[in-house]
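Structure record follows, encoded as C-alpha coordinates.
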Amino acid sequence: MFKRVLIANRGEIAVRIMRTCKSLGIFTIGIYSQADKDAPHVKIADEACLLGGPRVAESYLNIDKILEVALLSEAEAIHPGYGLLSENADFARRCEALGIVFIGPSPDVIAQMGSKIEARKAMKEAGVPVVEGISYPLANAEEAVKVAESIGYPVMLKASAGGGGIGMQIVRNASEILKMYEGNQKRANDFFGDGAMYVEKYIENPRHIEIQILADQFGNTVYLWERECSIQRRHQKVVEEAPSPFLDEVTRVKMGETSVRAAKSIDYKNAGTFEFLVDENKNFFFLEMNTRLQVEHPVTEEITGLDLVAEQLKIAAGCSLDFSQKDIKREGHAIEVRIYAEDPKTFYPSPGKINKIDLPKGPGIRHELGIHDQSVVTPFYDPMIAKLVVSGKQRDDVIDILQKALVNYHIQGIKTNIPMLKEVVAHPAFLSGQATTSFVDKFINKH
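Quick note on numbering: my numbering labels position 277 of the sequence shown as 1470, and the sequence is numbered without any gaps.
Here's what the structure looks like:
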(Lines of atoms letter the chains of each structure in order from A and count residues from 1; the text may use other names and numbers.)
(Lines give C-alpha, C1' and ligand atoms only; values in the text may rest on other atoms or scores of the structure.)
Protein backbone atom coordinates (compact mmCIF):
# COMPACT_ATOMS: atom_id res chain seq x y z
CA MET A 1 0.00 0.00 0.00
CA PHE A 2 1.08 3.59 -0.57
CA LYS A 3 2.72 5.50 2.27
CA ARG A 4 2.12 9.05 0.94
CA VAL A 5 -0.78 10.18 -1.27
CA LEU A 6 -1.49 13.67 -2.61
CA ILE A 7 -5.19 14.56 -2.95
CA ALA A 8 -5.53 16.83 -5.99
CA ASN A 9 -8.88 18.28 -5.00
CA ARG A 10 -10.71 20.39 -2.46
CA GLY A 11 -13.90 20.53 -0.42
CA GLU A 12 -15.91 17.58 0.76
CA ILE A 13 -14.36 15.04 -1.59
CA ALA A 14 -10.84 15.89 -0.42
CA VAL A 15 -11.98 15.42 3.18
CA ARG A 16 -13.67 12.14 2.23
CA ILE A 17 -10.53 10.74 0.56
CA MET A 18 -8.31 11.84 3.45
CA ARG A 19 -10.57 10.03 5.92
CA THR A 20 -10.01 6.70 4.19
CA CYS A 21 -6.30 7.34 3.69
CA LYS A 22 -5.88 7.96 7.40
CA SER A 23 -7.80 4.78 8.24
CA LEU A 24 -5.26 2.88 6.10
CA GLY A 25 -2.27 4.61 7.69
CA ILE A 26 -1.49 6.66 4.57
CA PHE A 27 0.13 10.09 5.01
CA THR A 28 -2.06 12.69 3.23
CA ILE A 29 -0.80 15.69 1.29
CA GLY A 30 -3.39 18.38 0.63
CA ILE A 31 -3.28 21.27 -1.80
CA TYR A 32 -5.10 24.57 -1.56
CA SER A 33 -5.62 27.97 -3.10
CA GLN A 34 -5.38 31.29 -1.30
CA ALA A 35 -9.19 31.30 -1.04
CA ASP A 36 -9.13 27.89 0.70
CA LYS A 37 -6.40 28.52 3.25
CA ASP A 38 -8.82 27.92 6.16
CA ALA A 39 -10.82 25.12 4.50
CA PRO A 40 -11.46 21.82 6.35
CA HIS A 41 -9.41 19.74 3.91
CA VAL A 42 -6.37 21.92 4.63
CA LYS A 43 -6.68 21.38 8.37
CA ILE A 44 -7.27 17.64 8.06
CA ALA A 45 -4.34 16.92 5.72
CA ASP A 46 -1.12 15.73 7.34
CA GLU A 47 0.68 18.25 5.14
CA ALA A 48 -0.84 20.99 2.97
CA CYS A 49 0.76 23.06 0.24
CA LEU A 50 -0.35 26.38 -1.23
CA LEU A 51 -0.73 26.29 -5.01
CA GLY A 52 -1.53 29.89 -5.89
CA GLY A 53 -4.38 32.35 -6.35
CA PRO A 54 -8.08 31.65 -5.86
CA ARG A 55 -9.02 30.95 -9.47
CA VAL A 56 -8.87 27.30 -10.55
CA ALA A 57 -6.40 28.03 -13.36
CA GLU A 58 -4.03 29.44 -10.74
CA SER A 59 -4.47 26.54 -8.35
CA TYR A 60 -6.49 23.34 -8.72
CA LEU A 61 -6.04 23.16 -12.51
CA ASN A 62 -2.37 24.15 -12.43
CA ILE A 63 -0.86 20.82 -13.44
CA ASP A 64 2.75 22.07 -13.33
CA LYS A 65 2.39 23.32 -9.77
CA ILE A 66 0.53 20.24 -8.52
CA LEU A 67 3.19 17.93 -9.90
CA GLU A 68 5.93 20.12 -8.44
CA VAL A 69 4.25 19.79 -5.03
CA ALA A 70 3.86 16.04 -5.51
CA LEU A 71 7.57 15.60 -6.22
CA LEU A 72 8.70 17.87 -3.38
CA SER A 73 6.40 16.11 -0.91
CA GLU A 74 7.50 12.66 -2.15
CA ALA A 75 3.95 11.58 -2.98
CA GLU A 76 3.82 8.05 -4.39
CA ALA A 77 0.34 8.53 -5.82
CA ILE A 78 -2.25 11.20 -6.60
CA HIS A 79 -5.98 10.79 -6.01
CA PRO A 80 -7.85 13.28 -8.23
CA GLY A 81 -11.30 12.97 -6.62
CA TYR A 82 -14.03 14.10 -8.99
CA GLY A 83 -14.24 17.17 -11.22
CA LEU A 84 -11.18 19.38 -11.74
CA LEU A 85 -8.38 17.15 -13.14
CA SER A 86 -10.01 13.78 -12.43
CA GLU A 87 -10.74 13.05 -16.10
CA ASN A 88 -7.80 14.89 -17.61
CA ALA A 89 -5.81 12.38 -19.66
CA ASP A 90 -2.82 14.73 -19.97
CA PHE A 91 -2.58 15.03 -16.18
CA ALA A 92 -2.69 11.23 -15.84
CA ARG A 93 0.03 10.87 -18.50
CA ARG A 94 2.28 13.38 -16.79
CA CYS A 95 1.85 11.61 -13.45
CA GLU A 96 2.80 8.36 -15.14
CA ALA A 97 5.88 9.94 -16.76
CA LEU A 98 7.13 11.10 -13.36
CA GLY A 99 6.61 7.70 -11.76
CA ILE A 100 3.65 8.90 -9.70
CA VAL A 101 0.64 6.58 -9.66
CA PHE A 102 -2.56 8.22 -10.90
CA ILE A 103 -5.40 6.65 -8.94
CA GLY A 104 -7.72 5.88 -11.82
CA PRO A 105 -7.69 4.21 -15.24
CA SER A 106 -5.03 4.61 -17.90
CA PRO A 107 -4.64 7.94 -19.74
CA ASP A 108 -5.71 6.32 -23.01
CA VAL A 109 -8.96 5.04 -21.52
CA ILE A 110 -9.66 8.42 -19.92
CA ALA A 111 -9.21 10.08 -23.31
CA GLN A 112 -11.34 7.49 -25.10
CA MET A 113 -14.25 7.73 -22.66
CA GLY A 114 -13.86 11.51 -22.37
CA SER A 115 -14.91 11.83 -25.99
CA LYS A 116 -18.59 10.99 -26.20
CA ILE A 117 -18.19 10.19 -29.88
CA GLU A 118 -15.32 7.75 -29.25
CA ALA A 119 -17.17 6.29 -26.26
CA ARG A 120 -20.23 5.62 -28.44
CA LYS A 121 -18.03 3.82 -30.98
CA ALA A 122 -16.38 1.68 -28.31
CA MET A 123 -19.67 0.71 -26.68
CA LYS A 124 -21.28 -0.20 -30.02
CA GLU A 125 -18.31 -2.45 -30.77
CA ALA A 126 -18.73 -4.08 -27.35
CA GLY A 127 -22.39 -4.80 -28.06
CA VAL A 128 -23.69 -2.29 -25.52
CA PRO A 129 -27.01 -0.64 -26.49
CA VAL A 130 -26.51 3.01 -27.45
CA VAL A 131 -29.05 5.71 -28.27
CA GLU A 132 -29.67 6.02 -32.00
CA GLY A 133 -27.39 8.70 -33.43
CA ILE A 134 -24.05 9.33 -35.10
CA SER A 135 -20.53 8.45 -34.00
CA TYR A 136 -18.63 11.13 -35.89
CA PRO A 137 -18.31 14.92 -35.48
CA LEU A 138 -20.70 17.13 -37.45
CA ALA A 139 -19.28 19.46 -40.06
CA ASN A 140 -21.86 22.21 -39.50
CA ALA A 141 -25.43 23.03 -38.53
CA GLU A 142 -26.78 22.05 -41.92
CA GLU A 143 -25.39 18.55 -41.54
CA ALA A 144 -26.92 18.41 -38.05
CA VAL A 145 -30.32 19.15 -39.61
CA LYS A 146 -29.91 16.33 -42.15
CA VAL A 147 -28.94 13.84 -39.45
CA ALA A 148 -31.78 14.95 -37.16
CA GLU A 149 -34.34 14.57 -39.94
CA SER A 150 -33.09 11.07 -40.73
CA ILE A 151 -33.32 10.06 -37.04
CA GLY A 152 -36.55 11.92 -36.33
CA TYR A 153 -37.17 14.76 -33.89
CA PRO A 154 -36.72 15.42 -31.03
CA VAL A 155 -32.95 14.95 -30.86
CA MET A 156 -30.14 15.93 -28.54
CA LEU A 157 -27.47 18.24 -29.95
CA LYS A 158 -24.42 17.36 -27.87
CA ALA A 159 -20.78 18.31 -27.45
CA SER A 160 -18.43 15.34 -27.79
CA ALA A 161 -16.25 16.59 -24.93
CA GLY A 162 -19.17 17.91 -22.89
CA GLY A 163 -20.16 17.35 -19.29
CA GLY A 164 -22.54 18.80 -16.73
CA GLY A 165 -25.04 19.76 -19.41
CA ILE A 166 -22.63 22.16 -21.14
CA GLY A 167 -23.01 22.12 -24.91
CA MET A 168 -26.16 19.99 -24.68
CA GLN A 169 -29.56 20.99 -26.05
CA ILE A 170 -32.87 19.30 -26.85
CA VAL A 171 -34.01 20.38 -30.31
CA ARG A 172 -37.43 19.67 -31.83
CA ASN A 173 -37.09 21.11 -35.33
CA ALA A 174 -34.61 22.37 -37.93
CA SER A 175 -34.95 26.03 -36.99
CA GLU A 176 -33.95 25.26 -33.39
CA ILE A 177 -30.80 23.46 -34.58
CA LEU A 178 -29.83 26.36 -36.82
CA LYS A 179 -30.45 28.79 -33.96
CA MET A 180 -28.59 26.83 -31.25
CA TYR A 181 -25.77 25.02 -33.04
CA GLU A 182 -23.18 27.81 -33.08
CA GLY A 183 -23.78 28.84 -29.46
CA ASN A 184 -23.53 25.26 -28.19
CA GLN A 185 -20.37 24.70 -30.19
CA LYS A 186 -18.80 27.89 -28.83
CA ARG A 187 -19.65 26.95 -25.22
CA ALA A 188 -18.14 23.50 -25.71
CA ASN A 189 -14.98 25.00 -27.18
CA ASP A 190 -14.71 27.57 -24.38
CA PHE A 191 -15.19 24.99 -21.60
CA PHE A 192 -13.45 21.94 -23.03
CA GLY A 193 -11.22 23.20 -25.84
CA ASP A 194 -13.16 20.97 -28.22
CA GLY A 195 -16.12 22.16 -30.27
CA ALA A 196 -16.96 18.80 -31.89
CA MET A 197 -20.72 18.25 -31.96
CA TYR A 198 -22.91 15.24 -32.69
CA VAL A 199 -26.61 14.31 -32.65
CA GLU A 200 -28.50 11.46 -31.01
CA LYS A 201 -32.17 10.63 -30.53
CA TYR A 202 -33.84 12.24 -27.51
CA ILE A 203 -35.62 9.77 -25.27
CA GLU A 204 -38.73 11.31 -23.72
CA ASN A 205 -39.08 11.07 -19.91
CA PRO A 206 -36.22 8.62 -19.32
CA ARG A 207 -34.69 7.44 -16.08
CA HIS A 208 -31.00 8.16 -15.51
CA ILE A 209 -29.55 5.04 -13.93
CA GLU A 210 -25.87 4.26 -13.51
CA ILE A 211 -23.84 1.17 -12.67
CA GLN A 212 -20.77 1.33 -10.43
CA ILE A 213 -17.94 -1.01 -11.40
CA LEU A 214 -14.56 -1.95 -9.94
CA ALA A 215 -11.78 -3.57 -11.98
CA ASP A 216 -8.34 -4.65 -10.82
CA GLN A 217 -5.15 -5.22 -12.80
CA PHE A 218 -5.65 -8.99 -12.97
CA GLY A 219 -8.79 -9.13 -15.10
CA ASN A 220 -11.30 -9.17 -12.24
CA THR A 221 -14.24 -6.85 -12.84
CA VAL A 222 -17.43 -6.57 -10.77
CA TYR A 223 -20.50 -4.35 -10.63
CA LEU A 224 -21.77 -2.85 -7.37
CA TRP A 225 -25.39 -2.54 -8.41
CA GLU A 226 -27.03 0.67 -9.54
CA ARG A 227 -27.82 4.22 -8.52
CA GLU A 228 -30.95 6.07 -9.56
CA CYS A 229 -29.99 9.64 -10.53
CA SER A 230 -33.07 10.86 -12.37
CA ILE A 231 -33.77 13.95 -10.26
CA GLN A 232 -31.62 16.58 -11.94
CA ARG A 233 -31.49 20.33 -12.45
CA ARG A 234 -29.97 21.53 -15.72
CA HIS A 235 -28.50 18.05 -16.26
CA GLN A 236 -26.84 18.16 -12.83
CA LYS A 237 -27.88 15.48 -10.33
CA VAL A 238 -29.58 16.65 -7.14
CA VAL A 239 -30.87 13.45 -5.50
CA GLU A 240 -29.41 9.96 -5.90
CA GLU A 241 -30.51 6.66 -4.43
CA ALA A 242 -29.69 2.98 -4.39
CA PRO A 243 -31.24 0.70 -5.31
CA SER A 244 -33.47 2.20 -8.00
CA PRO A 245 -37.19 2.01 -7.16
CA PHE A 246 -37.86 1.52 -10.88
CA LEU A 247 -35.73 -1.46 -11.89
CA ASP A 248 -36.68 -5.12 -11.60
CA GLU A 249 -34.11 -7.78 -10.75
CA VAL A 250 -33.75 -9.04 -14.31
CA THR A 251 -32.99 -5.57 -15.72
CA ARG A 252 -30.74 -4.76 -12.78
CA VAL A 253 -28.54 -7.81 -13.37
CA LYS A 254 -28.57 -7.30 -17.14
CA MET A 255 -27.34 -3.71 -16.74
CA GLY A 256 -24.63 -4.84 -14.34
CA GLU A 257 -23.40 -7.63 -16.58
CA THR A 258 -23.46 -5.30 -19.59
CA SER A 259 -21.32 -2.80 -17.69
CA VAL A 260 -18.77 -5.47 -16.75
CA ARG A 261 -18.56 -6.58 -20.38
CA ALA A 262 -18.13 -2.96 -21.48
CA ALA A 263 -15.38 -2.33 -18.92
CA LYS A 264 -13.47 -5.42 -20.00
CA SER A 265 -13.78 -4.44 -23.67
CA ILE A 266 -11.77 -1.24 -23.04
CA ASP A 267 -9.38 -2.86 -20.54
CA TYR A 268 -10.68 -0.63 -17.74
CA LYS A 269 -8.89 -0.51 -14.37
CA ASN A 270 -10.00 1.03 -11.03
CA ALA A 271 -13.44 2.47 -10.17
CA GLY A 272 -15.74 3.71 -12.90
CA THR A 273 -19.39 4.31 -13.66
CA PHE A 274 -21.48 3.50 -16.71
CA GLU A 275 -24.41 5.87 -17.09
CA PHE A 276 -27.55 4.79 -18.92
CA LEU A 277 -30.84 6.26 -20.03
CA VAL A 278 -33.69 3.84 -19.32
CA ASP A 279 -37.03 4.20 -21.10
CA GLU A 280 -40.51 3.42 -19.79
CA ASN A 281 -40.19 -0.20 -20.96
CA LYS A 282 -36.88 -0.67 -19.13
CA ASN A 283 -34.83 -0.64 -22.31
CA PHE A 284 -31.47 0.88 -21.42
CA PHE A 285 -29.01 2.82 -23.57
CA PHE A 286 -25.41 3.85 -22.89
CA LEU A 287 -25.08 7.56 -22.15
CA GLU A 288 -21.48 8.01 -21.02
CA MET A 289 -18.79 6.63 -18.75
CA ASN A 290 -17.29 8.50 -15.83
CA THR A 291 -13.70 7.38 -15.34
CA ARG A 292 -13.48 8.48 -11.73
CA LEU A 293 -15.17 8.38 -8.35
CA GLN A 294 -18.72 9.76 -8.51
CA VAL A 295 -20.19 12.44 -6.25
CA GLU A 296 -22.93 9.95 -5.34
CA HIS A 297 -20.63 7.03 -4.43
CA PRO A 298 -21.74 7.04 -0.74
CA VAL A 299 -25.13 5.50 -1.53
CA THR A 300 -23.35 2.50 -3.06
CA GLU A 301 -21.13 2.26 0.01
CA GLU A 302 -24.17 2.27 2.27
CA ILE A 303 -25.90 -0.67 0.54
CA THR A 304 -22.77 -2.76 -0.08
CA GLY A 305 -20.67 -2.03 3.01
CA LEU A 306 -17.65 -1.30 0.81
CA ASP A 307 -15.34 1.71 1.02
CA LEU A 308 -14.90 2.71 -2.62
CA VAL A 309 -11.95 4.99 -1.93
CA ALA A 310 -10.17 2.15 -0.14
CA GLU A 311 -10.85 -0.13 -3.11
CA GLN A 312 -9.46 2.52 -5.48
CA LEU A 313 -6.29 2.82 -3.45
CA LYS A 314 -5.80 -0.94 -3.24
CA ILE A 315 -6.31 -1.45 -6.98
CA ALA A 316 -3.91 1.40 -7.82
CA ALA A 317 -1.33 -0.13 -5.47
CA GLY A 318 -1.45 -3.36 -7.47
CA CYS A 319 -3.72 -5.42 -5.21
CA SER A 320 -6.36 -7.75 -6.61
CA LEU A 321 -10.02 -7.52 -5.60
CA ASP A 322 -10.53 -9.72 -2.55
CA PHE A 323 -14.16 -10.49 -3.44
CA SER A 324 -16.06 -11.76 -6.47
CA GLN A 325 -19.46 -10.81 -7.88
CA LYS A 326 -21.32 -13.35 -5.75
CA ASP A 327 -19.78 -11.88 -2.57
CA ILE A 328 -21.20 -8.38 -3.14
CA LYS A 329 -24.22 -7.90 -0.93
CA ARG A 330 -27.02 -5.42 -1.44
CA GLU A 331 -28.74 -4.58 1.81
CA GLY A 332 -31.20 -1.82 2.63
CA HIS A 333 -31.70 1.50 0.88
CA ALA A 334 -29.76 4.78 0.74
CA ILE A 335 -30.48 8.28 -0.56
CA GLU A 336 -28.11 11.21 -1.02
CA VAL A 337 -29.03 14.86 -1.48
CA ARG A 338 -26.53 17.50 -2.54
CA ILE A 339 -26.41 20.71 -0.51
CA TYR A 340 -25.62 23.72 -2.68
CA ALA A 341 -24.79 27.29 -1.69
CA GLU A 342 -27.40 28.76 -3.98
CA ASP A 343 -30.68 30.65 -3.97
CA PRO A 344 -33.41 27.96 -3.93
CA LYS A 345 -35.66 30.05 -6.18
CA THR A 346 -33.26 31.32 -8.84
CA PHE A 347 -30.55 28.63 -8.43
CA TYR A 348 -27.92 31.38 -8.61
CA PRO A 349 -24.82 30.77 -6.42
CA SER A 350 -24.96 32.30 -2.96
CA PRO A 351 -21.39 32.93 -1.78
CA GLY A 352 -20.72 34.43 1.64
CA LYS A 353 -19.70 33.61 5.19
CA ILE A 354 -21.32 30.74 7.07
CA ASN A 355 -22.08 31.93 10.58
CA LYS A 356 -23.29 28.65 12.03
CA ILE A 357 -24.04 25.09 10.99
CA ASP A 358 -26.51 22.85 12.83
CA LEU A 359 -26.51 19.32 11.44
CA PRO A 360 -29.10 16.60 12.03
CA LYS A 361 -27.89 13.58 13.96
CA GLY A 362 -29.13 10.08 14.51
CA PRO A 363 -29.10 6.52 13.17
CA GLY A 364 -28.80 6.26 9.40
CA ILE A 365 -27.46 9.79 8.90
CA ARG A 366 -24.08 10.42 7.25
CA HIS A 367 -22.52 13.77 6.43
CA GLU A 368 -19.89 14.66 3.85
CA LEU A 369 -18.80 18.25 4.45
CA GLY A 370 -16.53 20.78 2.79
CA ILE A 371 -17.44 23.55 5.24
CA HIS A 372 -17.44 24.40 8.95
CA ASP A 373 -18.65 27.24 11.16
CA GLN A 374 -17.19 30.52 9.89
CA SER A 375 -16.30 29.05 6.48
CA VAL A 376 -16.36 31.50 3.60
CA VAL A 377 -18.03 30.15 0.48
CA THR A 378 -16.30 31.89 -2.43
CA PRO A 379 -17.59 32.40 -5.98
CA PHE A 380 -14.53 30.67 -7.45
CA TYR A 381 -15.64 27.04 -7.15
CA ASP A 382 -18.60 24.72 -7.59
CA PRO A 383 -21.35 25.73 -5.13
CA MET A 384 -21.85 22.21 -3.76
CA ILE A 385 -20.71 22.43 -0.14
CA ALA A 386 -22.00 19.24 1.47
CA LYS A 387 -23.88 16.00 1.01
CA LEU A 388 -26.48 14.44 3.28
CA VAL A 389 -26.66 10.66 3.00
CA VAL A 390 -29.33 8.61 4.78
CA SER A 391 -29.76 4.86 4.91
CA GLY A 392 -32.01 2.22 6.41
CA LYS A 393 -33.76 -1.07 5.77
CA GLN A 394 -36.65 0.11 3.59
CA ARG A 395 -37.08 3.03 1.17
CA ASP A 396 -40.05 4.44 3.08
CA ASP A 397 -38.04 4.44 6.31
CA VAL A 398 -35.13 6.19 4.60
CA ILE A 399 -37.40 8.88 3.14
CA ASP A 400 -38.82 9.51 6.61
CA ILE A 401 -35.30 9.91 8.05
CA LEU A 402 -34.36 12.19 5.15
CA GLN A 403 -37.38 14.46 5.50
CA LYS A 404 -36.77 14.92 9.23
CA ALA A 405 -33.04 15.43 8.70
CA LEU A 406 -33.66 18.23 6.18
CA VAL A 407 -35.97 19.97 8.64
CA ASN A 408 -33.12 19.95 11.16
CA TYR A 409 -30.36 20.92 8.71
CA HIS A 410 -29.50 24.60 9.23
CA ILE A 411 -26.79 26.70 7.58
CA GLN A 412 -26.87 30.33 8.65
CA GLY A 413 -25.32 33.22 6.71
CA ILE A 414 -25.88 32.05 3.14
CA LYS A 415 -28.77 30.74 1.08
CA THR A 416 -28.90 27.03 0.25
CA ASN A 417 -31.06 24.68 -1.80
CA ILE A 418 -32.42 22.95 1.32
CA PRO A 419 -35.94 24.41 0.81
CA MET A 420 -35.97 22.93 -2.69
CA LEU A 421 -34.77 19.56 -1.39
CA LYS A 422 -37.56 19.49 1.20
CA GLU A 423 -40.04 20.06 -1.61
CA VAL A 424 -38.51 17.34 -3.78
CA VAL A 425 -38.50 14.61 -1.13
CA ALA A 426 -42.11 15.36 -0.13
CA HIS A 427 -43.48 15.24 -3.68
CA PRO A 428 -45.80 12.34 -4.60
CA ALA A 429 -43.79 11.48 -7.74
CA PHE A 430 -40.65 11.03 -5.64
CA LEU A 431 -42.42 9.20 -2.84
CA SER A 432 -43.88 6.70 -5.30
CA GLY A 433 -40.57 6.22 -7.12
CA GLN A 434 -41.98 7.66 -10.36
CA ALA A 435 -39.59 10.60 -10.88
CA THR A 436 -37.94 10.87 -14.30
CA THR A 437 -35.29 13.29 -15.56
CA SER A 438 -38.04 15.86 -16.26
CA PHE A 439 -39.14 15.90 -12.59
CA VAL A 440 -37.57 19.22 -11.57
CA ASP A 441 -38.77 21.07 -14.66
CA LYS A 442 -42.29 19.67 -14.31
CA PHE A 443 -42.86 20.03 -10.60
CA ILE A 444 -40.22 22.24 -8.93
CA ASN A 445 -39.43 25.02 -11.43
CA LYS A 446 -43.07 26.00 -11.92
CA HIS A 447 -43.23 28.66 -9.23
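All residues carry an ideal CB built from backbone N, CA and C; glycine is no exception.
Note that this is a predicted model, so its numbers are computed, not measured.
What would DSSP say about C1214, mapped onto helix, strand or coil?
helix
For Q1425, the residue or residues it bridges with in DSSP: K1430
By alpha-carbon positions, which one of G1412, S1423, I1496, T1466 ends up nearest to S1517?
G1412
Margin query: Measuring straight from C-alpha to C-alpha, what distance separates L1291 and M1482?
Written below: 27 Å
What ranges does the beta strand (DSSP E) occupy inside the stretch 1527-1566, keeping only unbroken runs of at least 3 residues that lie completely in it? 1549-1551, 1558-1562
- Message: Spatial neighbours of P1544 within its chain, please: C-beta separation below 6 Å, excluding the five flanking residues on both sides.
- Response: V1570, T1571, P1572
query: So, G1351 versus Y1395, is the Cβ gap smaller than 8 Å?
result: It is Lys, not Gly, that sits at residue 1351 in the sequence shown. Their beta carbons are not under 8 Å apart, which means K1351 does not touch Y1395 by this criterion.
query: Do three or more CB pairs link the stretch 1273-1293 to the stretch 1246-1263 at distances below 8 Å?
result: yes
Legend entry - Under the three-state DSSP convention, the category R1400 falls into: strand
Alpha carbons only, please: which of P1273, P1399, L1417, N1366 is nearest the one belonging to S1631?
P1399
Practice task
May I ask you to report which of helix, strand or coil DSSP gives F1439?
Solution key: coil
Quiz item: Taking C-alpha atoms, which residue in F1540, L1486, I1459 lies nearest to E1504?
Solution: L1486
For this session: Would you kindly check if the distance between the Cβ of T1221 and the Cβ of A1238 is under 8 Å?
Result: yes
Does the stretch 1551-1560 come into contact with the stretch 1610-1623, if we say contact requires no fewer than three beta-carbon pairs (one atom in each stretch) closer than 8 Å? no
- Give me whichever residues DSSP pairs with N1483 in a beta bridge. T1466
Check your understanding: Which value, in whole angstroms, describes the spacing of the CA atoms of Y1416 and T1493?
Key -> 11 Å
**Message:** Nearest by alpha-carbon distance to F1195: which of D1383, H1272, C1242 is it?
**Reply:** H1272
For C1288, three-class secondary structure by DSSP: helix
>> Please classify R1203 as buried or exposed, where buried requires at least 16 other C-beta atoms within 10 Å of its C-beta.
In response: buried
- Where the beta strand (DSSP E) through H1272 begins and ends: 1270-1272
query: Terminal residues of the continuous beta strand (DSSP E) containing H1603?
result: 1603-1605
What does DSSP give as the partner residue(s) for L1350 in the beta ladder?
Q1362, V1392
Using a Cβ distance threshold of 8 Å, determine whether the stretch 1332-1345 contacts the stretch 1365-1375, with at least three qualifying pairs required. yes
Notebook entry, point to check: Taking three-plus beta-carbon pairs below 8 Å as touching, is the stretch 1524-1533 in contact with the stretch 1588-1599?
Noted result: yes
*What first and last residue would you give for the beta strand (DSSP E) that runs through M1194?*
M1194 -> no beta strand (DSSP E), and no H or E assigned at all.
Next on the checklist: Rounded to whole angstroms, what is the Cα-Cα separation between D1643 and G1465?
Outcome noted: No answer is possible for residue 1643: the residues shown for the chain start at 1194 and end at 1640.
Residue closest to A1268, alpha-carbon to alpha-carbon, out of Y1253, E1240, R1286, D1283 = E1240
Requested in this report: List the endpoints of the continuous alpha helix (DSSP H) containing L1264.
Outcome: 1256-1265
Query - Local Cβ density within 10 Å of H1603, reported as buried at 16 or more and exposed below that - result: exposed
- Distance between E1335 and A1207 (C-alpha atoms, nearest Å): 45 Å
Exercise. Run the proximity test for D1575: is its beta-carbon closer than 7 Å to any non-hydrogen atom belonging to the ligand GDP?
Key: Absence of the ligand GDP from the depicted structure is noted, as is the absence of any ligand whatsoever, leaving it without description.
inquiry  = To the nearest angstrom, how far is the alpha carbon of K1635 from that of V1453?
reply    = 35 Å
N- and C-terminal bounds of the alpha helix (DSSP H) containing I1224: From DSSP, I1224 is part of no alpha helix (DSSP H) but of the beta strand (DSSP E) over 1220-1226.
Rounded to the nearest angstrom, how far is the Cβ of G1326 from that of E1393, given a contact under 8 Å? 3 Å
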